[in-house]
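Peer 1: Pasting a structure here, questions to come.
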Amino acid sequence: MFTCTHAGSNGICVFLEIAKMEGESVTLEPAREIKKDDLIQWLFGDREQQTVIAEIKGKTGKILTYADVADGRFRDRLELNKTTGSLTITNTRTEHAGVYKLEIISRSGISEQTFTVTVRGEQVFLCFSLFLCAAVTDKVEETLLKEDSVELKPDTEIQREDQILWMFGYQDKLIAQIRGGTVETYDDVNERFRGRLKLDEKTGSLTITKIEAEHTGLYKLLIISSRGILVKKFKVLIQCKNKTVAVGDPVRLHTDLTEIQTEDEIQWRFGDENSLIAEIKGGTGETHVVPDERFRDRLELDEKTGDLTIKNSTYEHTGRYTLKISSSEGNTYRTYIVNIRGEYVAVTSGESVRLYTALTEIQTDDEIEWRFGDKNSLIAEIKGGTGVTHDGPDERFRDRLELDEKTGDLIIKNSTDEHAGRYTLKICSSEGNISLIFIVIIRSNRVNESVTVEMENDPLLNGEDLDVVNEEEGTSSL
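Residue numbers (this note's numbering): 2 to 479.
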């Protein structure tokens with residue numbers, strides 16, 4: 002890992018590490034576009050012994066490379082691109098390791114860029130830092146999110162000739178850029194962004210898809226244009242909160258606000274479809290009924306704090322709730338995973354029992370497990386999109402189970418007393434693991450007959466918390 006020193010409050014340090022085999026070419030590229038009248042100078046060596054090895058002479062555009070300097074180590078090895086100003090060192094050797102400095106002198110000022118080339122064994126490594134001598138405006142925005150993706154927006158109009166740099170972390174690692182109309186994204190050292198970055202060529206917005214806890218951190222946007230240099234900072238914090246309650250209990254989801262301001266807007270959404278279920282605008286709160294009416298007469302919205310309460314909760318209220326707070330300071334997002342503990346299902350002997358997962362559709366990589374009784378006997382499962390049922394203890398489920406491969410719901414046909422008991426559902430997905438319990442009661446169809454289901458040491462009946470696990474990293478406390 003290389004470190005480059007920040008050269009002052011107006012300096013932006015950008016890191017990019019490149020590995021090349023000894024003998025291959027290394028190209029050092031300016032971080033900004035050069036203009037026709039710019040004077041370009043490439044220097045080699047430490048600060049006290051820096052020597053000009055190549056340059057482009059301003060208005061004339063004449064290209065010069067110097068073969069005899071630095072003990073002649075660059076003889077017949079330097080190529081300078083007149084259009085981009087990039088310097089290529091061909092057939093690299095250990096003697097080419099060292100510090101390279103680029104100076105661009107233009108009407109708008111001076112920019113300096115430093116590259117460090119290091120040879121380790123048979124590999125050549127490159128690190129560069131960039132110092133921009135210009136006024137920098139600084140704006141910090143905070144985003145708290147646990148969703149599939151997050152979009153960081155410049156909120157300023159960019160021009161075709163502008164150069165856009167996106168950096169991550171306090172070491173300012175370059176992760177994406179637009180240069181000369183070309184969009185490029187980079188993986189950092191541990192590849193946390195591999196296949197996750199999308200950079201909009203027109204707006205300069207950076208989208209991070211499939212966001213995880215490891216993407217928490219500081220993101221910096223650098224816009225270099227003829228108008229000057231603009232720097233914006235975005236702080237992304239991944240946060241997910243879990244809430245588990247028993248059937249019938251109220252669920253209160255907190256915004257953590259003491260008081261909403263008049264201009265603030267609050268939105269509560271539910272499920273994979275992000276259905277709007279409650280909102281506050283201009284100080285007025287309103288709740289909405291989704292198409293399946295699961296929230297009818299069950300929602301309360303605190304107009305002072307924005308907290309949402311779900312009254313008389315049932316299993317169908319299990320799922321993901323997303324909060325969006327829009328204020329003068331920017332947008333804040335939070336996600337809450339609500340698990341309703343212990344669903345009671347009672348049917349008459351001979352009837353079918355359907356136990357719901359509350360999923361609209363299973364994803365290919367999701368896994369579903371249904372287990373029965375105190376011994377947690379596996380009776381049904383879905384893996385890789387294929388469902389399988391098992392006869393269970395004493396073969397009591399032989400020819401009685403059906404598994405919905407789209408939703409994961411379990412159906413017990415022609416139920417009898419021996420099917421009464423505890424059923425455990427486990428859903429494993431990319432968002433984490435969720436475990437739920439169903440208590441099935443079989444009522445006799447004969448008069449004056451009852452069935453008692455004994456549940457020794459049942460955490461549901463004893464009031465203990467169930468093992469509901471969400472394996473995502475990040476903050477998970479309410």
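All C-beta atoms, glycine included, are put in the ideal place defined by N, C-alpha and C.
What does the alpha-carbon distance come out to for the pair Asp173 and Ser26?
Peer 2: 26 Å
Peer 1: Assuming Asp265 and Ile326 form a contact by the criterion Cβ under 8 Å, report the distance between their Cβ atoms to the nearest whole angstrom.
Peer 2: 7 Å
Peer 1: Rounded to whole angstroms, what's the CA-CA distance from Ile435 to Ile428? Just pull it up for me.
Peer 2: 5 Å
Peer 1: Suppose the cutoff is 6 Å on Cβ atoms and the five residues either side in sequence are ignored; what does the same chain contact list for Thr89 look like?
Peer 2: Ser26, Thr28 and Glu80
Peer 1: Applying the criterion that 16 or more other CB atoms from any shown protein chain within 10 Å of the CB defines a buried residue, is Val389 buried or exposed?
Peer 2: exposed
Peer 1: Just curious, the beta strand (DSSP E) that Ala55 is in, first and last residue?
Peer 2: Thr52 to Lys58
Peer 1: Secondary structure at Gly170, three-state DSSP: helix, strand or coil?
Peer 2: coil
Peer 1: Would the region 367-386 and the region 293-306 be scored as touching if the rule is three or more Cβ pairs under 8 Å?
Peer 2: no
Peer 1: Give a yes or no on whether the C-beta atoms belonging to Tyr220 and Lys234 are separated by under 9 Å.
Peer 2: Cβ atoms of Tyr220 and Lys234: closer than 9 Å.
Peer 1: Do you know whose CA, among Asn340, Ile41 and Trp371, lies nearest Gly62's CA?
Peer 2: For the residues Asn340, Ile41 and Trp371, the minimum Cα distance to Gly62 belongs to Ile41.
Peer 1: Tell whether a beta-carbon distance below 9 Å holds between Gly374 and Gly422.
Peer 2: Yes, they are a contact pair.
Peer 1: Can you tell me where the beta strand (DSSP E) holding Tyr101 begins and where it ends?
Peer 2: Gly99 to Ser107
Peer 1: Can you find a C-beta in chain B that's less than 9 Å from the C-beta of Asp173?
Peer 2: The question asks about chain B, but that chain is absent: this structure has only one protein chain.
Peer 1: Starting from Phe373, follow its DSSP beta bridges and name the residues at the other end.
Peer 2: Under DSSP, Phe373 shares a beta bridge with Ser378 and Tyr424.
Peer 1: Would the region 276-288 count as touching the region 359-376 if we require 3 or more Cβ pairs under 8 Å?
Peer 2: Result no; under three Cβ-Cβ pairs closer than 8 Å.
Peer 1: Could you tell me which of Glu185, Thr210 and Gly205 sits nearest to Arg197, measuring between CA atoms?
Peer 2: Taking each of Glu185, Thr210 and Gly205 in turn and checking the Cα distance to Arg197, the smallest one comes out for Thr210.
Peer 1: Taking the CB atoms as reference points, tell me whether Leu360 and Thr323 lie closer together than 9 Å.
Peer 2: no
Peer 1: Between Val237, Ile179, Ala68 and Tyr67, which lies nearest to Ser150 when the distance is taken from Cα to Cα?
Peer 2: With distances taken between Cα atoms, Ser150 lies closest to Val237.
Peer 1: Using a Cβ-Cβ cutoff of less than 7 Å, which residues in the same chain neighbour Glu56 once the five nearest sequence positions on both sides are dropped?
Peer 2: Ile41, Gln42, Trp43 and Leu65
Peer 1: Out of Ser314, Ser353 and Ser329, point me to the one whose CA is closest to Ile341's CA.
Peer 2: Closest option to Ile341, Cα to Cα, is Ser314.
Peer 1: Distance, Cα to Cα, Arg253 vs Thr333?
Peer 2: Distance between the alpha carbons of Arg253 and Thr333: 19 Å.
Peer 1: Starting from Thr208, trace the beta strand (DSSP E) both ways and give me its first and last residue.
Peer 2: Leu207 to Thr210
Peer 1: Determine the closest residue to Lys244 out of Phe398, Leu302 and Thr336, with distance taken between C-alpha atoms.
Peer 2: It is Thr336 whose Cα lies nearest to the Cα of Lys244.
Peer 1: How would you label Leu146, buried or exposed, when you count the other beta carbons within 10 angstroms and need 16 or more for buried?
Peer 2: Note that Leu146 scores 44 on pLDDT, short of 50, meaning its location in the model is unreliable; the coordinates nonetheless yield the value given after this. It counts as buried.
Peer 1: Three-state secondary structure (DSSP) at Leu65?
Peer 2: Here Leu65 sits in strand by DSSP.
Peer 1: Just to confirm my understanding: we take Glu396, look at its own chain, exclude 5 residues before and 5 after, and list those with CB closer than 7 Å. What are they?
Peer 2: When the five nearest sequence neighbours on each side are left out, no beta carbon in the same chain lies closer than 7 Å to the beta carbon of Glu396.
Peer 1: Can you tell me whether Glu287 is helix, strand or coil according to DSSP?
Peer 2: strand
Peer 1: Take the Cβ of Gln114 as the centre, count every other Cβ of all protein chains shown within 10 Å, and call the residue buried at 16 or more, exposed below.
Peer 2: Classification for Gln114: buried.
Peer 1: What would DSSP say about Glu30, mapped onto helix, strand or coil?
Peer 2: Of the three classes helix, strand and coil, the one that applies to Glu30 here is coil, per DSSP.
Peer 1: Residues bridged to Gly320 by DSSP?
Peer 2: Val339
Peer 1: Between Pro31 and Ile105, how many whole angstroms is the CB-CB distance? I'm expecting something under 8 Å.
Peer 2: 7 Å
Peer 1: Measure the alpha-carbon distance for Ser206 versus Ile176 and round it to whole angstroms.
Peer 2: Rounded to whole angstroms, Ser206 and Ile176 show a C-alpha spacing of 13 Å.
Peer 1: Whole angstroms are fine: how far does the CA of Arg78 sit from the CA of Gln51?
Peer 2: 18 Å
Peer 1: Since I believe Phe271 is in contact with Gly320 (beta carbons under 8 Å), could you give me their beta-carbon distance rounded to a whole number of angstroms?
Peer 2: Yes, they are in contact, since the Cβ atoms of Gly320 and Phe271 sit about 6 Å apart, within 8 Å.
Peer 1: Give every residue of the same chain whose Cβ lies closer than 6 Å to the Cβ of Lys154, excluding the five residues on either side of it in the sequence, and list them in chain order.
Peer 2: Ser206
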